[in-house]
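Sequence order for the protein chains is A and B.
Sequential numbering from 112 applies to the first sequence in the working numbering.
Sequential numbering from 516 applies to the second sequence in the working numbering.
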Amino acid sequence: MAVAIGKARLEAVALDEDEYRTIVRALGRDPNDLELGMLGAMWSEHCSYKTSKALLRQLPTEGPHVLQGPGENAGAVDIGDGLAVVFKIESHNHPSAIEPYQGAATGVGGILRDVFAMGARPIAILNALRFGPLEEGRNRHLFQGVVAGIGGYGNCFGCPTVGGEVYFDRGYADNPIVNAMCVGLVAQSRLRRAKADRTGDVVLMVGADTGRDGIHGATFASVEMDERSVSRRPAVQVGNPFLEKLLCEACLQLNELDGVTAIQDLGAAGLTSAASELAHRGRRGIDIDIDRVSRREQGMSAYEVMLSESQERMLVVVRPPAEAAVRQIVDHFELHADRVGSVTSTGRIRIREAGVVVADLPLKTLIDGVPLRSPAATFPDKPLSPLLPSVDEPEAILLDLIASPNLRSRRPIYRTYDHQVQDNTVFGPGFDAALLRVPGTRKALALTTDGNPWYVVLDPYEGTKAAVAEAARNIVCTGARPIAVTNCLNFGNPQRPQVFGQLQECTRGMADACRAFELPVVSGNVSLYNETSERNIPPTPVIGMVGLLDDVSARCPAGFQDDGDLVFLLGETREELAGSAYFRLLGAKLEGRPPMVSLEMERRLQAGLLDSIGRGVLRCAHDVADGGLLIALAESALFGGRGLRCPGIAGPVSREAFYFGESQGRVIVSVAPRRVPELQKLMAHHHVPLHAIGVVGGDDFQVGSEIRVPLDTLRAAWETPF
Amino acid sequence: MRTGIVVFPGTWSDRDCFHAVGEILGEPVRYVDHRERALDDLELVVLPGGFSYGDYLRCGAIARFAPVMEAVADFANRGGLVLGICNGFQILQEARLLPGALLRNASCEFRCEWVHLRVEQSDSAFTLDCRPGQVLRIPISHGEGNFFADAATLESLERAGRVVFRYCAPDGRVTAAANPNGSLGNIAGISNARGNVVGMMPHPERACEALLGSEDGLAVFRSAIHALTRVAV
C-alpha cells in the first residue's frame, strides 16, 4: 500500500510509514490532522512502550500484597491496618535538558498527580538525578536548575522530599536524567482506579485552564535530541504547585464521594491520553466537547487543546446525580470544573467542535494498536578488569574519594528541599533509606532510589541486579522489609543494537533479582531516546523501593551510636575493583567485570540483618556501596559524630580491594560488646561471614598505622560544596 | 485551650499544627477557613506555614487581604493569643500585627534544617514555660526568613524585650555561623508590645515528638496553655 502522506507530516508526529499504514488499515481511511496528532502522541514511545513492552512482561508484577500492579496511574500495595501504599517513579529527562527548572518541577508535579489520582495523599517525594561533570558550565546550569525546580515544586506543594541520589558522569553531559518518585497513603477502601466503566457518566475537567504549553511533549520525549531541541522549549510545560496543592486537596475530598467513578491525571499527551485511557480501561467510549474546555489563550485549535500538556489538570468522571456535590467541593477550593464530555458505550473517542465531529477513533487502535518494535540487539564482550599499580597512600585516597562529587555529602542539595513537612520523617535524606512513620499506626515505611550507573555500563545484567540488591539492602539497613518495586528505565536510542541489547539485559537482570527477593514490580516508566548527536547516555535503570517496618521503635540508624561499640563487616569481600569510585579517581578506563551479585548470598545477608535488627542486637547498620568499605565506615563515623579505631584490617583480598572495592552484599554494623556473641550466633545461623573491624570512639578515624584523620578533617572533606 | 488553625489556600503546616495541638497535647482544636469572619469561640489562633496563594508575590502579601485576617486583627486587639509560624509570621508582618519584614535568605536558597534557638524572654505568651537563655532545638524550612527592620524599629524591639527567639549555637552562643538566613541580630521570633502575638520562622509543630528528633517545640504550645490559665486566674 502506498503511503499517501508527506514525510514531514509523519516526522512531526514521530511515526514511521509502517505505523501510518497500520493506522489506515485500522481506520479504513486516512486519519485527519487532529487524529494523526492524537495517534502520534499515543503511539509515541513515551505513551505506548512499543519498544519495551515485550521486555517488561518478564518482570514479576504479582504478589500476595499487591493491590494494583502496572497499568494504572500508580501501583499499590497492602501494608496492613486497612492501608495501602501507592507509588510510582517517572522520568522527565527531555524537558529538563531544555528547561531544567520547569522540567524538573513539572516532573514532580506529574508524579504527585499520579498518586493523588489514586485517592492517596502524597507523603513523600524521592528522586534520581544524573548530570555531566560540574566543571562544565552547562552541566552546572542544568544541575542547579533541576535541584531548584524539585525544591520549588515540592516545597510549595507541601510534600517532603525525603530521599534520592545524584551522580555525575561525562556520559550524561548532553542528556541529564531526572526521575521523580512519589509515595502516598490511602485507606484500601478508598483506593481508586481510573476506570470510566459507567455509560452516561459525565466527564469534568478540574484544575488549570488549557494553554499552548507542552504541545507534543510526549512525542518530543520519544525522539533523540539535537541542536534544534532548544527550539522545542514550548514543548516544556510550566508548573504551578500552588494550584496543584488545591487540586490535590479537592481530589482527596472528591475521592470520598461515592458518585465519583474515576479520577485521571492529565500528563503526557494531555486530554487525548487521559480521556482515552479512562474509557478504554472501563471498556467504554468517550465523547469530548472541545468547546467546553476552558482556555488560557484565544484561538486555540482542537489539535492544540487535545495535545496540550498544560499541568495541574484532572479529569473527574461522575454519576450525573453527584455532579452538584462534586461542584460544591471544587468551588470550596476556588477551582472550576468544565463538563467536557461523557462516557459512551461506543468503544471510540469522539471529539466535537462547534457541534461537528472532528475526530473519531477506535480506542483499541489508539491505545493498543501500535505495532510493537523489536529492534536488533548486540551484546559486547566483557573485557577483563584493567590492572592498576598498588597505592601507598590510602589516607590521601580516602580523603580524595570522600570529597569527590559522587561521594561527598548531599546536604547542600537536600537542605534546599523541605524534607519534614507532614510530620512523618524519622530518617530524612542522606542515609541508606528514608524512614517515614505511618500516621495512626506503629509502622514505618522505608524508601529509597538506587542505580549505580557504572556497573550497568560494564554489565547491564549484573549492574541491574546490583541496583535491586542495593535498594533492598538500603531498606533492610533501617530494619524494614522490602515489599515492592517501581522502576524507571532510562536508555539511549533503542534503534541502535547496542542500546537495545543493554535494555534487554537490564530488564532480565531486574526480573531475576526481583524474583529472587520475591519483590513485585508494581509501577514504572521507560525513557528511551536519551541521545544527542549520536551520543547515548549510559544505560540507567533506577530502582525505587518501598519497605515496611512493623514497629518504628525497632528502627536501626546508619551512624555509630556509642563509644566502645564494636564494628563488624557482614558479607564477603572479593577482588572486585572494576567500576569502582576508586578506579575512577585514579583515572582508570571504565572496563572489566563489575561486582557480581550472588542473589542467594544477598538473601542470606538481608535475612540475617533483619533478624539481628528485629532482636535489637544492632546499634547501627550501613550499606557498603560506592567507594567501598572505608567510605562506608567513614560515613557511619560522620553520621554518628564518633571516631573509629581499627587495628590493621585485612581481608582475603588485596588491600585496594578490601579498602575501596565495591563487592556487593556487604553491610557494616555496630554492636554493644555484650551482644557480640548473639551477633556471631545469628550470622552463623544465616551463613553470613562476619569480619571484626574495630571500636567506635575517639576524635579520629583511624585504620591501622596508615590512616589517622581527625573527624573534623574528614567532615571538611566530605562537606566539600558542589 | 480552644485553638483555631487558619487555612489559607496553599497552607500546608495546618495538619502538622492540628496534630501537635489536638493529638499530642490533646487540646480542642479546629480548622479556620480563610473566609471566616468570627473567631469568638477561640482562645488561640495559629497562622501555620505554607505558601499562601502560592506566594508568587511577596510572601503573605495576598493572604493579609483574606477575610479572616480582619477577624484575626480584632482577636489580637482583644488580647487573644496569636502564633504565626513561618508563612504565618510573614502574614502577620504584612498585616502590620508585627513589625519588620522577612527578606530572601542571605544564601538565596531555601533551607530546611535543624537549628538552635535561644529563648530571649519568657514573658511572651509562647515562652512562659521557658527560662530566659534556654536553648530549643527546632527545624526551619523557608526561603524568606531573613528578618529585617529599620534601625529605630530594631532598637525599640530590643529595648522592649520583644525579641523572643534568636538563632544560636547548641551551647546558646549567638554567632554568625548559627544564623541560617542572615537575620538581623539572629532574630528568629518576635512579639507585639502586649506579648500576645508572636511570630517565628522555625516550626515548633515539627519538634513535638522524640521520634521526629525533638520535643522542644512543645514548650511553645504549652506556654500558651499556661498563659490562658493565668489569664483565667
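Note that beta-carbon positions come from the ideal geometry of N, C-alpha and C, so glycine has one too.
These numbers were taken from a predicted model, which means no experiment stands behind them.
Task: Range of the contiguous alpha helix (DSSP H) that encloses Lys199/A - done: Translated into the one-based positions of the first sequence, residue 199/A becomes position 88. That residue, Lys199/A, is in no alpha helix (DSSP H); its beta strand (DSSP E) goes 194–202.
TODO: Just list the beta strand (DSSP E) runs in the stretch 651–714 of chain B, keeping only unbroken ones of 3 residues or longer that don't cross its boundaries, in chain order.
DONE: Whole beta strand (DSSP E) segments, 3+ residues: 661–663, 678–683, 702–706.
TODO: To the nearest angstrom, report how far apart Leu170/A and Ser485/A are at their CA atoms.
DONE: Translated into positions along the first sequence, residue 170/A becomes position 59. Translated into positions along the first sequence, residue 485/A becomes position 374. When only Cα atoms are considered, Leu170/A and Ser485/A end up about 17 Å apart.
Task: Touching by the beta-carbon criterion (3+ pairs, under 8 Å), the stretch 585–605 of chain B and the stretch 555–571 of chain B - done: By the Cβ rule, the stretch 585–605 of chain B counts as touching the stretch 555–571 of chain B, because three or more pairs are nearer than 8 Å.
Task: beta strand (DSSP E) runs wholly inside the stretch 632–678 of chain A, at least 3 long, in chain order - done: The qualifying runs are 632–638, 651–660.
Task: Cutoff 7 Å; reference Asp144/A; Cβ partners in own chain excluding five residues on either side - done: Here residue 144/A refers to the residue found at position 33 when the first sequence is read from its first residue. Within its own chain, the residues whose Cβ lies closer than 7 Å to the Cβ of Asp144/A, once the five positions on either side in sequence are excluded, are Tyr414, listed in chain order.
TODO: Reducing DSSP to helix, strand and coil, say where Tyr278/A ends up.
DONE: Walking along the first sequence from the start, residue 278/A turns up at place 167. In the structure shown, Tyr278/A sits in a strand (DSSP, three-state: E or B).
Task: the stretch 412–429 of chain A touching the stretch 474–494 of chain A, judged by at least three CB pairs closer than 8 Å - done: In short, these stretches do not touch, since the Cβ pair count stays below three.
Task: Sub-8 Å separation of Arg548/A and Val537/A beta-carbons - done: As a first step, residue 548/A must be located in the first sequence, where it is residue number 437. As a first step, residue 537/A must be located in the first sequence, where it is residue number 426. Contact: yes.
Open item on the list: Please tell me whether Ala544/A and Thr559/A are closer than 8 Å, where the distance is taken between their beta carbons.
Closed with: As a first step, residue 544/A is located in the first sequence; it is residue number 433 there, counting from the start. As a first step, residue 559/A is located in the first sequence; it is residue number 448 there, counting from the start. In this structure, Ala544/A places its C-beta atom within 8 Å of the C-beta atom of Thr559/A.
Open item on the list: Mapping the DSSP letters down to three states, classify Ala152/A as helix, strand or coil.
Closed with: As a first step, residue 152/A is located in the first sequence; it is residue number 41 there, counting from the start. If DSSP states are grouped into helix, strand and coil, Ala152/A belongs with the helices.
Task: Contiguous alpha helix (DSSP H) assignments of at least 4 residues, all confined to the stretch 671–721 of chain A - done: Listed in chain order, the complete alpha helix (DSSP H) runs (minimum 4 residues) inside the stretch 671–721 of chain A are 692–696.
- [ ] Please name the residue in Glu773/A, Tyr528/A, Ala361/A, Pro432/A whose C-alpha comes closest to that of Arg695/A.
- [x] For the purposes of this step, residue 695/A is taken as residue 584 along the first sequence, with counting starting at 1. For Arg695/A, the closest alpha carbon among the candidates Glu773/A, Tyr528/A, Ala361/A, Pro432/A is that of Glu773/A.
- [ ] Counting only the same chain and skipping the five closest in sequence on each side, list residues whose C-beta sits under 7 Å from that of Asp189/A.
- [x] As a working note, residue 189/A is residue 78 in the first sequence. The answer, listed in chain order, is His176, Leu178, Ala195, Gln299.
Task: One or two residues paired with Thr536/A in a DSSP bridge - done: As a position in the first sequence, residue 536/A is number 425, starting the count at 1. In DSSP, Thr536/A forms a bridge with Leu547/A.
Open item on the list: My output table needs one value for Glu420/A: the three-state DSSP class, helix, strand or coil.
Closed with: As a position in the first sequence, residue 420/A is number 309, starting the count at 1. In this structure, Glu420/A counts as coil in the three-state DSSP scheme.
TODO: Give a yes or no on whether 8 Å exceeds the smallest Cβ distance from Glu156/A to chain B.
DONE: What you label residue 156/A is simply residue 45 of the first sequence in a count that begins at 1. With 8 Å as the cut-off, Glu156/A does not count as an interface residue toward chain B.
Open item on the list: For Ile724/A and Tyr525/A, what's the separation of their Cα atoms in angstroms?
Closed with: In the first sequence, residue 724/A corresponds to position 613, counting from 1. In the first sequence, residue 525/A corresponds to position 414, counting from 1. Approximately 28 Å, taken between the alpha carbons.
Open item on the list: Give me the DSSP bridge partner(s) of Ala298/A.
Closed with: Sequence index remark: in the first sequence, residue 298/A carries index 187 (1-based). For Ala298/A, which the question treats as bridged, DSSP gives the partners Leu194/A.
Task: Val634/B and Pro654/B closer than 8 Å at C-beta - done: Locating residue 634/B in the second sequence gives position 119, counting from the first residue. Locating residue 654/B in the second sequence gives position 139, counting from the first residue. Judged by beta-carbon spacing, Pro654/B lies beyond the 8 Å limit of Val634/B, meaning their Cβ atoms are not closer than that value.
- [ ] For the stretch 263–280 of chain A, enumerate the residues whose C-beta is nearer than 7 Å to any C-beta of chain B, in chain order.
- [x] Shown in chain order are the members of the stretch 263–280 of chain A whose Cβ falls below 7 Å from a Cβ of chain B: Asn266, Cys267, Gly269.
Open item on the list: In this structure, how does DSSP classify Trp565/A when only helix, strand and coil are distinguished?
Closed with: Within the first sequence, the letter at position 454 stands for residue 565/A. Helix, per DSSP.
Open item on the list: In the DSSP output, which residue or residues are listed as bridge partners for Leu472/A?
Closed with: The count along the first sequence starts at 1 and reaches residue 472/A at position 361. Partner(s): Ile460/A.
- [ ] Note down the Cα distance separating Glu165/A from Val583/B, rounded to an integer number of angstroms.
- [x] Locating residue 165/A in the first sequence gives position 54, counting from the first residue. Locating residue 583/B in the second sequence gives position 68, counting from the first residue. Note on identity: in this sequence residue 165/A is Ala, with Glu being the wrong assignment. If you draw a straight line from the Cα of Ala165/A to the Cα of Val583/B, it comes to about 57 Å.
TODO: Please determine, among Glu122/A, Leu245/A, Ala216/A, the residue with the shortest C-alpha to C-alpha distance to Asn517/A.
DONE: Start at 1 with the first residue of the first sequence, and residue 517/A comes out as number 406. Cα-wise, what sits closest to Asn517/A is Leu245/A.
TODO: Just the C-alpha distance for Val750/B and Ala675/B, rounded to the nearest angstrom, thanks.
DONE: Given that chain B is displayed from residue 516 to residue 748, the structure contains no residue 750/B and the question cannot be resolved.
Task: 8 Å Cβ cutoff met for Leu639/A and Phe679/A - done: If you number the first sequence from 1, residue 639/A lands on position 528. If you number the first sequence from 1, residue 679/A lands on position 568. Phe679/A is positioned such that its CB atom lies no closer than 8 Å to that of Leu639/A.
- [ ] Give the interface partners of His631/B over in chain A, defined as CB-CB distance under 8 Å, in chain order.
- [x] On the second sequence, residue 631/B is found 116 positions in, with the first residue counted as 1. From the beta-carbon of His631/B, no residue of chain A is found nearer than 8 Å; the closest lies around 16 Å away.
Task: Extent of the continuous alpha helix (DSSP H) run through Gly214/A - done: As a working note, residue 214/A is residue 103 in the first sequence. 211–227 is the extent of the alpha helix (DSSP H) around Gly214/A.
Open item on the list: Against chain B, which members of the stretch 511–543 of chain A pass a CB distance test of less than 7 Å?
Closed with: If the cut-off is 7 Å between Cβ atoms, the stretch 511–543 of chain A has Arg526, Thr527, Tyr528, Asp529, His530, Gln531, Val532, Gln533, Asp534, Thr536, Val537 near chain B.
Open item on the list: Here's the rule: buried if 16 or more other CB atoms are within 10 angstroms of the residue's CB, otherwise exposed. What is Asn751/B?
Closed with: Outside the shown range of chain B (516 to 748) lies residue 751/B, about which nothing can therefore be said.
- [ ] Could you tell me the boundaries of the alpha helix (DSSP H) in which Ser515/A lies?
- [x] Taking the first sequence and counting its residues from 1, the one referred to as residue 515/A is at position 404. Boundaries cannot be given for Ser515/A, as no alpha helix (DSSP H) includes it and DSSP labels it neither H nor E.
Task: Top-ranked residue by Cα proximity to Gly328/A, from Gly248/A, Cys158/A, Val429/A - done: In the first sequence, counting from the first residue as 1, residue 328/A sits at position 217. The shortest CA-to-CA distance from Gly328/A to any of Gly248/A, Cys158/A, Val429/A is the one to Cys158/A.
TODO: Could you tell me whether the Cβ of Leu556/A comes closer than 8 Å to any Cβ of chain B?
DONE: As a first step, residue 556/A must be located in the first sequence, where it is residue number 445. Chain B, which has no Cβ nearer than 8 Å to the Cβ of Leu556/A, makes this no.
Open item on the list: DSSP three-state label for Val748/B, please.
Closed with: As a first step, residue 748/B must be located in the second sequence, where it is residue number 233. Note that Val748/B scores a pLDDT of 42, beneath 50, so its modelled location is shaky and nothing firm can be said.
Task: Listed by chain order, chain A residues near Gly525/B by CB distance under 7 Å - done: Against the second sequence, residue 525/B aligns to sequence position 10. In chain order: Phe353, Lys356.
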